[in-house]
Every structure is written in structure tokens, then in C-alpha cells.
Amino acid sequence: MDIAAVPARSAGFFFALAPRGRAVFFALAAIAACLLFAFPVFWLILTSLRPGTGVYYVHRGTEFTIDNFHEVLSQEIVLRALFNSFMISTLATVLSLGVTATSGYMLSRFKGPIPNAWFSLIYIFRCVPYVAWVLPLYFVTQQLNIFDSYWGLLLPHIAVHICFFSWIMKGFFDGIDPSMEYAAMIDGCSRWGAFWRVAMPAAVPGLTALAILCWLYTWNEFLFALILTAHETPILTVVMAQFVHELGMEWHLMSATAVIALVPALIVTLFGQRYVIRGLRI
Amino acid sequence: MADIVLSNVHKVYGHVVAVTDINLAIKDREFVVLVGPSGCGKSTTLRMIAGLEEISAGTIAIGGRVVNHLQPKDRDIAMVFQNYALYRHMSVRDNLAFGLRNRRVPAHEIAAAVSRAARILSIEPLLDRRPHQLSGGQQQRVALGRCIVRNPKVFLFDEPLSNLDAQLRAQMRLELKELRLRVPTTSIFVTHDQTEAMTLGDRIVVMKDGVVQQVGTPLELYRKPANRFVASFIGSPSMNFITVRVSADGEHFALACQGWRFRLPARRFPHLGSHVGRSICVGVRPQHVRLGAALNDDQIALNGAVTVTEQLGDEQLLAVRLGDGEIRIAGVDPDLSLPTGSQIEAAIATDHLHFFDELEQI
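See the structure below:
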């Protein structure tokens, strides 16, 4: 049997299509993918609008209500969790970007023992499974007396962001011609000045993309929030999970909280979509 | 205005030697071109002068002041990069003003300097545009403007025309020459294009493998290349080289290779005496080979079959089989019909012969 003929034959169906047929094929595939991802969100919204007794037959009931939203928004812990999640996400983003921008720049532009050591260090940390960080971090935050506080959650988030996003930032800076910085150094800037006044403004699309990814990542994060916080610093993802308790499962309230949590994430995504695409394209 | 002196300059990256023992004195207002193939160390040399690379050994002095340990910003230089290196988040006006603002020049002086530079380079209508809205040629003019606006002691050019198409490159070469007349500043220009080197440079420095091969005016390099590398690098089409064996023949030296033998009078070429019984390389430029029979004793004759013709419109280039090698002939009448395989007779004036041993011109 002719081995080379096999892939050609399997792809034959697609290439046999006319250009218009291929476009239709792609459109259908895209719609199917969108439906696949949109359906759970649709179901979530539907559940959030059903009374507590109706969540198990969402597809049959006709009774809808917004009482679930009233109920969760009247709970102080949900409001505090919303505020905390927003603050933690925003602060983690700002602080992480400060470090990842300089770290990514160093990895992109400098060679030598220090960048190599830094590169190796974040590589090693990247190799550690995410879940393995949690228990040591619990003990560290206890020892440092920052358990169940902003810093207790911020510092681990920043550490993870540095490991994961320094690479992406390095990629952004690799895409920026270093000659621009050399020109700035000849034009009167120091090395730091060239970074700050020329490389950073040129990296704005990338930085914006990273800021959005960073914010969404922290906003949606569950494991650190679950282990490293308690009653003092409630976080939205954990509060949501607490609607499942020993007395039962309040899916309608959980769904309403989840829909509320979706709104800021949706705004950030819609605002930042074009930046993310532009930034990751560099 | 300033002179530049490089003394025993070396550059080593780990175990790789990039530049070896460069000694070069560039006079005030002189335009010097560093030329050589990729990886010859010309850009590294320029970047060391700019302060963008550290010097492994030796000294660099600009205007009598050793600048080895000065930051680029303190050397009073300006540089044009191959890919223009314009600040893409700034307008053309801000690009031009950036260097002056860093030096805290008063705003009205900056405005005047920017206007003057824009006028010289005819980029006044572009001042409020962003770099990405400009063509390659316009971007290169802005990069030049960013240099002249500061009135530095030295201009450094790092292959500034390489990214332009052939037509625009020729135009920018002319503009650079005009700019030199208006802004006569000491300049170092790096290129791998020998045409740019020949047309722009007061003097040319030919480099290979981090070593300076020859320094001289364009005509010196063309007429008296120091070695076979310079001979092959300077001039277009490249010089023909034929390896021949030298033998004594009475009052003449006989030089022979397979399919070609000629004699040269010993009194006119005494330096060949020390190479009798050895092989040397004879070089002759394609422009110095003339179709037709040898007219006198000062010309040597050769015969061969045409293998390739290249029609350029104003001339033809021929490749002619000579023994087991090939010789190229330039400046042939474009209307002359010379089909492949046709036998031709050609002559070379002995004055135009160059002789090389393994290292240098004999």
C-alpha cells in the first residue's frame, strides 16, 4: 500500500470542496465550537433566573425570577467577596506587570550569568505542578502572619504570574527592534531610560494583553483563594463554592453569583479583546 | 567636528574573536566607509565606536578624548541604523526632537533645529505623521534628520540603505552625497555593498574575518588592491583570477596554465623573479579585457569559446572558456552577436595585470 497516499485521501474531502464550500465548512465548524462553549453559560444564566425549586428542570419550567440576584446581593459576604476579588485581581495585575515587564526585558535583551540563573529559576518553578505550591504556601503565609490577608494572596499570585508571564513578556520584547533602544541611548538616554521611554511604550499592546490575561486569571482563580483565605478575606470563587453546604445545594444562588462574577470579566474581555489579539500577534 | 582614532582595537566574544587589532585614523570631516562581507566585524567596529559594544582591548578616541568608558549618550555621536530604529510611538517631529529634549535644549531652539533638519531633508509635510505611515525612503530621511538635528561631532551609519529597493538606494546614495556637502561632519559608513563604498567614501576600509585588509581611496583600492580578497571584493563584475605557473624564458617570464600561455618582459616585471618555478595568481578586471587581437608587445592575447552572454543594454558581459577555467569580459558592444560556443580573440594590456601570491599582491 502506498503510505504517502493515506493522508492525501483522508484530507481529500476537504480539498475537494469549492472555495465557497470550504468557507461554509469553516463557518459551520466555528458556529459549532461557539455553541459548545456558549451552552454552559446559557444554562448558567437560565438557572440563575429560576426559583430554587425549579433548577432541576430548567428545560421544562416557565417560571422566572430575579429574586436570586436580590438574595445574593443582600448577603454581606458576597459584596465583600466581590470587592476583595476586584482589588486582589487589580493589585496582582499592577504589581505582576511591574515585575514581569522588567523580567521579560532582561530575558530578552541581556546575556550572562544573572539572566541565565533567572531563566533557570523560573523554568524550574514552571515545572512544579500548580497544586504542589499550595501546601507550602499555606505554611509560609501562616509563618509570615499574612494568612487570610491581601498580601497572603497577592504574593503567591505575583510569584505565579512572574513565572508564567515573564516568558510571554520576553516574547513581546523579542518582537521589538532593540535598535530603537540603541538609538535612544545615543540620543541621550541611559539604559534604564531607553527601557522606560522607548521599549515600554512600544510594548503597550503586549502589556495590555498581559494585563487582561493576568486580571482574568486572578479573578477566576480558586485553589489559592480556597487554601490561603478564610473569613477575613472572602474571595468570590470560594464564596460561590460555599453555596454547596451540608444542608443542601443552592444552585440558583450559586448561578446568580456566578452570573454577577461574569459581568466584570465580560467587560474586561470585551474591552481588551482587540488588545489581546494585537498583543499576542507581535 | 572631530577626528577619530582607533588604536589596537580588539573585540572578543567568549572564545570568538570578532575584531583583531584595528588601527585607523579618521580625519575631521572625512567620510570613511567600512566594507566587507557579513561577519567581517565592520558593524562590531562601528558599535564599539558608538559605545554600544564594550572594547576588549585598545583605545578609541573621538576629538582627542578617549571614549572607551563613556556611555553612548556622552560621546556626542549620532547613528543611523539599518532598520531606521525610529521611535514608533512618537510623531516624526518628536522623533527629531527626542535627542534635543534629552539634553534640555530650550523649546524654541528645538523647534528651529527640527525645522532646519526637516527643510534640508524635505520632510516638512511628514512632521506630524507616525513612522508606520511613512515609506522606507521617508523613514530613512527621518532617521537622517534625527542625526543632523543634534549637530553631533560624528555620524555613524550602520548599513542604512540595505533595506531599500535598488532604485531608492541609488537615489538615497545621491541624497547622502548632497547631505555631506551641506553638513560636512566626520562620518563612518558601514556597508557590504562595494558600490556604496566606492561612491560615498573619501576612504574605504576593507575588512575580512575581523582584520583590516586595506585602507585607501576608492581608486587606490580599485587600481592597487593589497590582496586577492580586496581585488575580488572591489569592482563589479568581480576581478578574474587565473592560477599560472611562472618560469624563466630568456629575458622574459613565461606564465602558463592549461590552455593559455603568455610572456612578460623580465625588466618590466622584475618582482616575478622570486616566483620562478612557483604558481601565482594573475588577476585582471573584466573591463580591462578587450575583444580583438593583441596590437603590440604590451598586450597579451587569449582565445576561447563563449560560454555565457549577459545583455545589460548598454553593454554585454561575456564568460569565455579559458583552459579549464573561465574569464569574464565586460564592456562588450551590446549589438555584437556572439552565440554560445563562438570562438573569440581578446587582448589584455599588461599594465592592467595584477599578480597575487597566497597573501598579497606581488
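Chain order of the listed sequences is A and B.
Note that my numbering has the first sequence beginning at 1080, numbered continuously upward.
Note that my numbering has the second sequence beginning at 425, numbered continuously upward.
Cβ atoms here follow ideal geometry from the backbone N, Cα and C, with glycine treated the same way.
### Query
Based on Cα-Cα distance, which residue from 584/B, 456/B, 573/B lies nearest to residue 611/B?
Residue mapping note: residue 611/B aligns to position 187 of the second sequence, counting from 1. Checked all of 584/B, 456/B, 573/B; the closest Cα to residue 611/B is 456/B.
### Message
Buried or exposed for residue 1191/A, going by 16 or more other Cβ atoms inside 10 Å?
### Response
The residue labelled residue 1191/A in the question sits at position 112 within the first sequence. Result: exposed.
### Whole-angstrom distance between residue 1284/A and residue 1344/A, CA atom to CA atom
Translated into the one-based positions of the first sequence, residue 1344/A becomes position 265. Translated into the one-based positions of the first sequence, residue 1284/A becomes position 205. Their Cα atoms are separated by approximately 19 Å.
### Query
Any Cβ of chain B within less than 8 Å of the Cβ of residue 1265/A?
Start at 1 with the first residue of the first sequence, and residue 1265/A comes out as number 186. It does: the Cβ of residue 1265/A has a partner Cβ on chain B nearer than 8 Å.
#### Entry: residue 497/B in three-state terms, based on DSSP
Position 73 of the second sequence, counted from the first residue, corresponds to residue 497/B. Helix at residue 497/B.
### Message
Does chain B have any CB closer than 8 Å to the CB of residue 1259/A?
### Response
The residue given as residue 1259/A occupies position 180 in the first sequence. Closer than 8 Å to some Cβ of chain B, the Cβ of residue 1259/A qualifies, so yes.
### Query
If you compare alpha carbons, which of 1147/A, 1306/A, 1116/A, 1176/A is closest to residue 1251/A?
Here residue 1251/A is taken as the residue at index 172 of the first sequence, counted from 1. Of the candidates 1147/A, 1306/A, 1116/A, 1176/A, the one whose C-alpha sits nearest the C-alpha of residue 1251/A is 1176/A.
### Query
Expressed to the nearest angstrom, what Euclidean distance is found between the alpha-carbon atoms of residue 722/B and residue 642/B?
Numbered from its first residue, the second sequence carries residue 722/B at position 298. Numbered from its first residue, the second sequence carries residue 642/B at position 218. Taking the straight line joining both Cα atoms gives about 26 Å.
### Task
Mark residue 1082/A as exposed unless 16 or more other C-beta atoms lie within 10 angstroms of its C-beta, in which case mark it buried.
By one-based count along the first sequence, residue 1082/A stands at place 3. Because residue 1082/A sits at a pLDDT of 47, beneath the cut-off of 50, its placement in the model cannot be relied upon, and the point is left open.
### Task
State buried or exposed for residue 1268/A, treating a residue as buried only when at least 16 other CB atoms are found within 10 Å of its CB.
Sequence index remark: in the first sequence, residue 1268/A carries index 189 (1-based). Residue 1268/A is buried by the Cβ-count criterion.
### Query
How about residue 1144/A and residue 1128/A: do their beta carbons lie closer than 8 Å?
Counting from one through the first sequence, the residue named residue 1144/A turns up at place 65. Counting from one through the first sequence, the residue named residue 1128/A turns up at place 49. Taking 8 Å as the Cβ cut-off, residue 1144/A and residue 1128/A qualify as a contacting pair.
### Task
Within the segment 725-760 of chain B, note down every full alpha helix (DSSP H) run reaching 4 residues or more, in order along the chain.
none
### Task
Taking 8 Å as the cut-off, decide whether the C-beta atoms of residue 1229/A and residue 509/B are in contact.
Mapped onto the first sequence, residue 1229/A falls at position 150. Mapped onto the second sequence, residue 509/B falls at position 85. Cβ distance not < 8 Å, so residue 1229/A and residue 509/B don't count as in contact.
### Message
Please give me, in chain order, every unbroken run of the alpha helix (DSSP H) with length at least 4 that falls completely inside the segment 1191-1222 of chain A.
### Response
1192-1206, 1213-1222
### Task
Determine the chain A residues that contact residue 523/B at a beta-carbon separation under 7 Å, and present them in chain order.
The count along the second sequence starts at 1 and reaches residue 523/B at position 99. What residue 523/B touches in chain A: 1266, 1267.
### Message
Do residue 673/B and residue 691/B have their beta-carbon atoms positioned less than 8 Å apart in this structure?
### Response
Position 267 of the second sequence holds residue 691/B. Position 249 of the second sequence holds residue 673/B. Contact flag unset, no.
### Query
Are any of the Cβ atoms in chain B nearer than 8 Å to that of residue 1277/A?
As a working mapping, residue 1277/A is identified with position 198 in the first sequence. It does; some Cβ of chain B falls within 8 Å.
### Query
Counting along the chain, where does the beta strand (DSSP E) carrying residue 713/B start and finish?
Position 289 of the second sequence, counted from the start, is the residue given in the question as residue 713/B. From DSSP, the beta strand (DSSP E) with residue 713/B extends over 713-715.
### Message
Assuming contact is defined by CB atoms lying nearer than 8 Å, are residue 566/B and residue 544/B in contact in what I supplied?
### Response
As a working mapping, residue 566/B is identified with position 142 in the second sequence. As a working mapping, residue 544/B is identified with position 120 in the second sequence. Taking 8 Å as the Cβ cut-off, residue 566/B and residue 544/B do not qualify as a contacting pair.
#### Entry: Listed by chain order, chain A residues near residue 503/B by CB distance under 8 Å
On the second sequence, position 79 is the one that residue 503/B refers to. The contacting residues are 1261, 1262, 1265.
### Message
Is it buried or exposed, residue 1085/A, if we count other Cβ atoms within 10 angstroms and call 16 or more buried?
### Response
For the purposes of this step, residue 1085/A is taken as the residue at position 6 of the first sequence. Residue confidence is low: residue 1085/A scores 48 on pLDDT, short of 50, so the model does not pin down where it sits. No coordinate-derived value is stated.
### Query
Is the CB of residue 1361/A under 8 Å away from at least one CB in chain B?
Numbered from 1 along the first sequence, position 282 holds the residue referred to as residue 1361/A. The predicted position of residue 1361/A is uncertain, since its pLDDT is 46 and thus under 50; a value taken from the coordinates is nonetheless stated next. For residue 1361/A, the answer is no, since every Cβ of chain B falls outside 8 Å of its Cβ.
### For residue 1361/A, three-class secondary structure by DSSP
Here residue 1361/A refers to the residue found at position 282 when the first sequence is read from its first residue. Low confidence applies to residue 1361/A: its pLDDT is 46, below 50, so where it sits in the model is not reliable enough to give any reading.
### Query
Can you name, in chain order, every residue of its own chain whose Cβ lies under 7 Å from the Cβ of residue 662/B, other than the five neighbours on each side?
Looking up residue 662/B in the second sequence gives position 238. 656.
### Message
So, at 6 Å on beta carbons, what are the nonlocal neighbours of residue 586/B in its own chain, with the 5 sequence-adjacent residues on each side left out?
### Response
As a working note, residue 586/B is residue 162 in the second sequence. Excluding residues within five positions, the ones whose Cβ falls inside 6 Å are 506.
### Query
Exposed or buried, what is residue 728/B when buried is set at 16 or more other beta-carbons lying within 10 Å of its beta-carbon?
Indexing the second sequence from 1 puts residue 728/B at position 304. So residue 728/B ends up on the buried side.
### Query
Since residue 527/B meets chain A, which of its residues come closer than 8 Å, beta carbon to beta carbon?
As a working mapping, residue 527/B is identified with position 103 in the second sequence. Residues of chain A passing the Cβ test: 1267.
### Query
CB-CB under 6 Å to residue 1087/A, same chain, minus the five flanking residues each way: which ones, in chain order?
Taking the first residue of the first sequence as position 1, residue 1087/A is located at position 8. Reliability of the predicted coordinates at residue 1087/A is poor, the pLDDT of 49 falling under 50, and the value obtained from them is presented with this limitation in mind. Excluding positions up to five away in sequence, the list is empty.
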